[in-house]
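Mapping to numbering that gives the first Met the number 0: the sequence shown position 27 is 26, numbers consecutive. For glycine and all other residues, C-beta sits at the position ideal for the given N, C-alpha and C.
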Amino acid sequence: MKTTLVLNDALVQQAKSLAVEQKTTLTRLVEEGLQLRLGKAHVKPKAVKLPIYAGRGGIKPGINPVSNKALLDAADAD
């Protein structure tokens, strides 16, 4: 539905900047704000794509990977 709102100019500028920063639209920000204010179900956040390390290497020989102490000692040794 299309609706006209009269909003404070400074507030709209802040919202537009936030929308650009979050790679979303002003409409989506307004919708999320209304949902929060009206107590609707929490807006499901977008999935985050996590980076995957594709390099080589690994743990040095002789370091126990399940021992926190061994890992901390190895980190301090470098």
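For K45 and Q21, I'd like the C-alpha separation in whole angstroms. About 11 Å.
Just to confirm before moving on: does the CB-CB distance between A14 and L25 stay below 8 Å? yes
Cβ neighbours of L17 in the same chain (closer than 8 Å, five flanking residues each side left out): L28
Straight-line CA distance for V47 to T23? 14 Å
Expressed to the nearest angstrom, what Euclidean distance is found between the alpha-carbon atoms of G138 and E30? Nothing in the structure corresponds to residue 138, since the chain is present only between 0 and 77.
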